[in-house]
Amino acid sequence: NAGVTQTPKFQVLKTGQSMTLQCAQDMNHNSMYWYRQDPGMGLRLIYYSASEGTTDKGEVPNGYNVSRLNKREFSLRLESAAPSQTSVYFCASSLAFKDTQYFGPGTRLTVL
Amino acid sequence: DAKTTQPPSMDCAEGRAANLPCNHSTISGNEYVYWYRQIHSQGPQYIIHGLKNNETNEMASLIITEDRKSSTLILPHATLRDTAVYYCIVSPFEAHNQGGKLIFGQGTELSVKP
């Protein structure tokens with residue numbers, strides 16, 4: 003039981019490049035989330051998916067898109083990366099929309 | 624949401640109890656106290672939460688004062704693997720769990736030493 007897994011662990015992009023961050027969970031959770039964490043700051047919610055087939059914007063959705071591919075997988079796409087998107091990105095999941103969230107190990111993204 | 628105040632850092636000897644304090648003097652009646660930790664380079668990990676009563680699970684105990692203005696997280700037998708930043712968060716249950724903000728603040732950096 004791996005929990006929440008994220009790929010890649012590290013990524014360096016140039017401004018304007020695109021990429022997709024992958025997240026998968028094997029806990030049969032219904033809800034999944036994407037956060038970013040900047041140095042010295044708390045987590046900020048980018049997008050979430052309360053259940054398979056639904057996605058909603060969080061606190062800082064601009065510059066990102068998401069896809070809930072199936073119950074297990076929730077991807078985050080940066081269409082045109084900007085230096086302001088340099089951050090650590092965490093994916094999380096919870097059994098139901100109101101349950102405790104479990105986090106993945108994070109993806110460290112640098113945009114030059 | 625209520626604001627929390629935690630000491631920036633604490634040390635604890637391995638095998639001893641680690642007592643991490645948190646002040647939340649403006650907590651509202653519907654707000655819970657949550658504790659998370661973040662081990663270096665890893666994602667946040669939920670530890671425990673409570674409303675009024677003291678709580679215990681396999682990881683820790685949470686002691687909330689009667690006036691609910693402060694709380695203490697207790698790790699009964701700290702190990703080196705407990706070295707992490709510990710965050711105290713107060714939030715309404717609905718807001719915390721509705722894909723919602725986890726406002727971590729600065730937390731307490733706990734160093735467990737041999």
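Sequence lines, in order, name chains A and B.
First residue of the first sequence: 3, per our numbering; consecutive thereafter.
First residue of the second sequence: 624, per our numbering; consecutive thereafter.
Where is the CB? At the ideal position from N, CA and C, for every residue including glycine.
In this text the structure is predicted, and so the values were computed from the model without any measurement.
| Separation of glutamate 681 of chain B from methionine 633 of chain B, as counted between CA atoms | Counting from one through the second sequence, the residue named residue 633 of chain B turns up at place 10. Counting from one through the second sequence, the residue named residue 681 of chain B turns up at place 58. Cα-Cα distance, rounded: 22 Å.
| query | Since glutamate 654 of chain B sits in a beta bridge, which residues does DSSP pair it with? | reply | Within the second sequence, numbered from 1, the residue matching residue 654 of chain B stands at position 31. As computed with DSSP, glutamate 654 of chain B is found in a beta bridge with B:Pro715.
| Distance CB(leucine 685 of chain B)-CB(alanine 641 of chain B) smaller than 8 Å | One-based indexing of the second sequence puts residue 685 of chain B at position 62. One-based indexing of the second sequence puts residue 641 of chain B at position 18. Cβ distance not < 8 Å, so leucine 685 of chain B and alanine 641 of chain B don't count as in contact.
| query | Are the C-beta atoms of proline 85 of chain A and some chain B residue less than 8 Å apart? | reply | Along the first sequence, one-based indexing puts residue 85 of chain A at 83. Output row for proline 85 of chain A: interface = no.
| Counting Cβ pairs closer than 8 Å, one from the stretch 60 to 69 of chain A and one from the stretch 637 to 656 of chain B, do we hit at least three? | Result no; under three Cβ-Cβ pairs closer than 8 Å.
| Straight-line gap, asparagine 32 of chain A to aspartate 690 of chain B (C-alpha atoms, nearest Å) | Indexing the first sequence from 1 puts residue 32 of chain A at position 30. Indexing the second sequence from 1 puts residue 690 of chain B at position 67. Their Cα atoms are separated by approximately 36 Å.
| task | With a 10 Å radius around its C-beta and 16 neighbouring C-beta atoms as the bar for buried, classify glycine 60 of chain A as buried or exposed. | result | The sequence position of residue 60 of chain A within the first sequence is 58, counting from 1. Within a 10 Å sphere around the beta-carbon of glycine 60 of chain A sit 16 or more other beta-carbons, which makes this residue buried.
| Extent of the continuous beta strand (DSSP E) to which serine 694 of chain B belongs | Residue 694 of chain B sits at position 71 when you count from the first residue of the second sequence. Where serine 694 of chain B is concerned, the enclosing beta strand (DSSP E) stretches over 693 to 698.
| Using DSSP with H/G/I as helix, E/B as strand and the rest coil, what is arginine 639 of chain B? | In the second sequence, counting from the first residue as 1, residue 639 of chain B sits at position 16. Secondary structure at arginine 639 of chain B: coil, using DSSP grouped into helix, strand and coil.
| query | Is the shortest distance between the beta-carbon of phenylalanine 105 of chain A and the beta-carbons of chain B less than 8 Å? | reply | Along the first sequence, one-based indexing puts residue 105 of chain A at 103. Output row for phenylalanine 105 of chain A: interface = yes.
| query | Does the distance from the C-beta atom of isoleucine 670 of chain B to that of tyrosine 659 of chain B stay below 8 Å? | reply | Counting from one through the second sequence, the residue named residue 670 of chain B turns up at place 47. Counting from one through the second sequence, the residue named residue 659 of chain B turns up at place 36. Yes.
| C-alpha gap between leucine 107 of chain A and arginine 74 of chain A, whole angstroms | As a first step, residue 107 of chain A must be located in the first sequence, where it is residue number 105. As a first step, residue 74 of chain A must be located in the first sequence, where it is residue number 72. The residue you asked about is not leucine; residue 107 of chain A is proline in the sequence shown. Approximately 16 Å between the Cα atoms of the pair.
| message | Rounded to whole angstroms, what is the Cα-Cα separation between leucine 97 of chain A and aspartate 28 of chain A? | response | Along the first sequence, one-based indexing puts residue 97 of chain A at 95. Along the first sequence, one-based indexing puts residue 28 of chain A at 26. Taking the straight line from one Cα to the other gives about 11 Å.
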